[in-house]
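Working notes for the structure below.
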Amino acid sequence: MISKDEIIKDLKVKLSKSRFEHTLSVAKKAIELGKKFSLDEETCELAGLLHDCAKGNEKYYEEKYSDEFNELLSRDENRQYENPFLKHCLLGMIVAKEKYKISDVEILNAIKEHTTGSLHMTDLAKVLYLADKTEDNRDYDGVDEIRKISMINMDQAIVLSLNNTIMYLIEKNRTIAPESIELRNFLLGGIGERD
Ligand SMILES: [Fe+2]
Ligand SMILES: [Fe+2]
Numbered sequence: 587m588i589s590k591d592e593i594i595k596d597l598k599v600k601l602s603k604s605r606f607e608h609t610l611s612v613a614k615k616a617i618e619l620g621k622k623f624s625l626d627e628e629t630c631e632l633a634g635l636l637h638d639c640a641k642g643n644e645k646y647y648e649e650k651y652s653d654e655f656n657e658l659l660s661r662d663e664n665r666q667y668e669n670p671f672l673k674h675c676l677l678g679m680i681v682a683k684e685k686y687k688i689s690d691v692e693i694l695n696a697i698k699e700h701t702t703g704s705l706h707m708t709d710l711a712k713v714l715y716l717a718d719k720t721e722d723n724r725d726y727d728g729v730d731e732i733r734k735i736s737m738i739n740m741d742q743a744i745v746l747s748l749n750n751t752i753m754y755l756i757e758k759n760r761t762i763a764p765e766s767i768e769l770r771n772f773l774l775g776g777i778g779e780r781d
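Counting in the numbering used here, the sequence shown runs from 587 upward without gaps.
Structure representation (structure tokens):
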């Protein structure tokens with residue numbers, strides 16, 4: 587693993603200004619949420635810092651790590667990452683591992699799942715998912731409610747956030763990741779199942 591300061595220094599150069607600011611804000615929020623749920627502070631911060639590490643540079647990283655990316659993408663469970671809006675999640679996981687030398691599988695999976703959620707989310711993945719949706723710069727209808735509930739009950743907050751995202755995707759006539767629907771069903775006590 588390389589040091590946190592080196593990671594921040596590199597991200598500052600690689601990400602756009604607004605993406606870098608979002609990144610720092612997600613890391614801050616992940617620490618805040620993580621504390622509430624007794625998670626390791628450094629782990630939360632690293633997940634926050636690296637969650638969008640591939641965003642905006644998808645083409646470059648797709649070529650650089652093409653073998654690993656294509657192998658993962660060929661698996662049935664990863665088909666959703668062909669979606670251009672989700673590519674950075676799978677690529678982010680690869681870049682965090684290969685470039686930033688993160689070996690903690692929980693961080694890597696949290697990065698992969700940060701946009702869609704999944705049935706297999708750990709508490710760290712939930713923290714990252716919610717930190718991404720509720721960091722201080724986020725401003726959309728309903729964010730205050732999700733922000734407030736996330737500090738009390740992460741599952742409830744995730745349902746609210748999924749509702750929001752799914753409605754937005756329908757409005758834009760975009761596809762909805764099956765993982766998000768499965769997770770929502772599961773959290774509502776419906777038809778989703780854990781292994
Ligand atoms: Fe993202
Ligand atoms: Fe993000």
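Even for Gly, the Cβ is constructed at its ideal location relative to N, Cα and C.
- Gly678 has its CB nearer than 8 Å to a heavy atom of ligand 1.
- Per DSSP, the continuous alpha helix (DSSP H) segment holding Gly678 begins and ends at 673-684.
- In terms of side-chain proximity, the C-beta atom of Asp596 is found no nearer than 8 Å to any non-hydrogen atom of ligand 1.
- Annotation: the segment 690-723 contains the following complete segments of the alpha helix (DSSP H) (minimum length 4 residues), in chain order: 691-698, 709-720.
- Straight through space, the alpha carbons of Leu714 and Lys621 are spaced by roughly 13 Å.
- Relative to Glu768, the option among Ser704, Lys683, Ile688 whose CA is nearest is Ser704.
- Pairing Asn664 with Cys675, the inter-Cα distance amounts to about 11 Å.
- When rounded, the separation of the alpha-carbon atoms in Phe623 and Glu684 is 29 Å.
- Straight-line measurement puts the Cα of Asn739 at about 14 Å from the Cα of Thr720.
- Shortest gap from the CB of Lys641 to any heavy atom of ligand 2: under 8 Å.
- Contact annotation, Ala682 with Ile688: C-beta distance approximately 4 Å; criterion of less than 8 Å satisfied.
- Scanning its chain for C-beta atoms nearer than 8 Å, with the 5 sequence neighbours on each side dropped, one finds around Leu672 the residues Gln666, Thr701, Thr702, Ala763, in chain order.
- Taken in chain order, the unbroken stretches of alpha helix (DSSP H) that lie wholly in the segment 625-665 and span 4 residues or more are 627-636, 644-650, 652-659.
- Nearest neighbour of Ser736 by Cα position, chosen from Tyr651, Asn723, Glu618, turns out to be Glu618.
- The three-state secondary structure of Asn759, taken from DSSP, is coil.
- With a threshold of 16 other beta carbon atoms within 10 Å, Thr629 meets it and is buried.
- Under the Cβ criterion (8 Å, minimum of three pairs), the segment 652-662 does not count as touching the segment 591-605.
- The C-alpha of Val612 is placed about 13 Å away from the C-alpha of Ile594.
- Judged by beta-carbon spacing, Ala743 lies within the 9 Å limit of Ile732, meaning their Cβ atoms are closer than that value.
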